[in-house]
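Following: one structure in structure tokens, then a few remarks.
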């Protein structure tokens, strides 16, 4: 089976390192599709970030894959740091890049190996602390 988008080994290694690291607070691994090279590339890793600050860092018109290590407190008081894969696809994104992003999502999802997945299309209200916690506790 041929792939339209490739995931370089250095991205796989960097994502693996992120997944197994012990993060203090929330942390986010952000990646995007490079339209010219047809690869997924790392954009940045944010540490000790709130959901609100994460939303501020994300572009309003360009899709991203975000692997979020979330500092979660369960209703019974237990703490955990589950991984949530966020498929950030704002409504104003260019059609050609959204198509490439969508075609590579399953491939990235397999490599991210997150506990749950969240689709976000509304950049204003689609990604909040409440939305993230509801998804992780569901």
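Residue numbers (my numbering): 84 to 221.
We put the CB at the ideal spot given by N, CA and C, even for glycine.
Bridge pairing for residue 153: absent [DSSP]. Under the Cβ criterion (8 angstroms, minimum of three pairs), the segment 108-118 counts as touching the segment 149-158.
Rounded to the nearest angstrom, the gap between the Cα atoms of residue 137 and residue 178 is 24 angstroms.
Counting the other Cβ atoms within 10 Å of the Cβ of residue 161 gives fewer than 16, which makes it exposed. A straight line joining the alpha-carbon of residue 174 with that of residue 186 spans about 17 angstroms. Residue nearest to residue 200 within the set 91, 218, 194 and 210 is 218 (criterion: CA-CA distance).
Straight across, the Cα-Cα distance linking residue 123 with residue 105 is about 24 angstroms.
According to the DSSP secondary-structure assignment, residue 201 is paired through a beta bridge with 169.
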